[in-house]
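Heads up, the sequence shown is in full-length UniProt numbering, so the first residue is 1 and it goes up one at a time. The C-beta atom is built at its ideal place from N, Cα and C for all residues, glycine as well. All of these numbers come straight from a predicted model, not from anything done at the bench.
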Amino acid sequence: MAQISGIWILTSYETLQFLHRTPRKIGVYLDFARREVTFYDAENMAQISSLSAEFKGKFVPFLHLWSKGSYIKLCPCQR
1 MAQISGIWIL TSYETLQFLH RTPRKIGVYL DFARREVTFY DAENMAQISS
51 LSAEFKGKFV PFLHLWSKGS YIKLCPCQR
C-alpha cells in the first residue's frame with residue numbers, strides 16, 4: 001500500500017478524507033445513545049467524519065500518527 005498523506009478513518013473499510021486544511025485541534029464527540037462517533041475540526045466546528053458503531057463494554061479511542069516527530073496532546077472539552 002502506498003503512503004498517501006491525509007486523514008484516514010479506519011473502520012471495517014479504509015476511507016481517505018481530503019481536507020482543505022490540516023486541523024490543529026480535532027474534537028471527538030461520542031453519542032452513545034445513537035451509537036455514533038463524530039470527528040470535527042475543533043477550531044471551526046467543521047465535521048471531518050462520522051461513523052456508526054456497536055458499542056460493547058468500554059469505548060477506547062485509538063490514535064496513531066505516521067510521521068516521526070509528530071505528537072498528540074489530549075485536552076478536556078471546553079464549554
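Would you say residue i and residue j are within 7 angstroms of each other, going by their C-beta atoms?
{"i": "A42", "j": "G27", "result": "yes"}
{"i": "A53", "j": "R34", "result": "no"}
If you drop the 5 nearest sequence neighbours on each side, which residues of the same chain put their C-beta closer than 7 angstroms to that of residue i?
{"i": "Q47", "result": "T38 and Y40"}
{"i": "L63", "result": "I72"}
{"i": "G69", "result": "none"}
What does DSSP give as the partner residues of residue i in its beta bridges?
{"i": "I26", "result": "D41"}
{"i": "S52", "result": "E36"}
Residues in the same chain with beta-carbon distance under 8 angstroms from residue i, minus the five sequence neighbours each way, listed in chain order, please.
{"i": "K25", "result": "D41, A42, E43 and C75"}
{"i": "A2", "result": "Residue placement at A2 cannot be trusted, given a pLDDT of 48 that sits under 50; what the coordinates show is reported in the next sentence. Contacts found: none."}
For residue i, which residues from the same chain have a beta carbon less than 6 angstroms from its beta carbon, with the 5 sequence-adjacent residues on both sides left out?
{"i": "P23", "result": "D41"}
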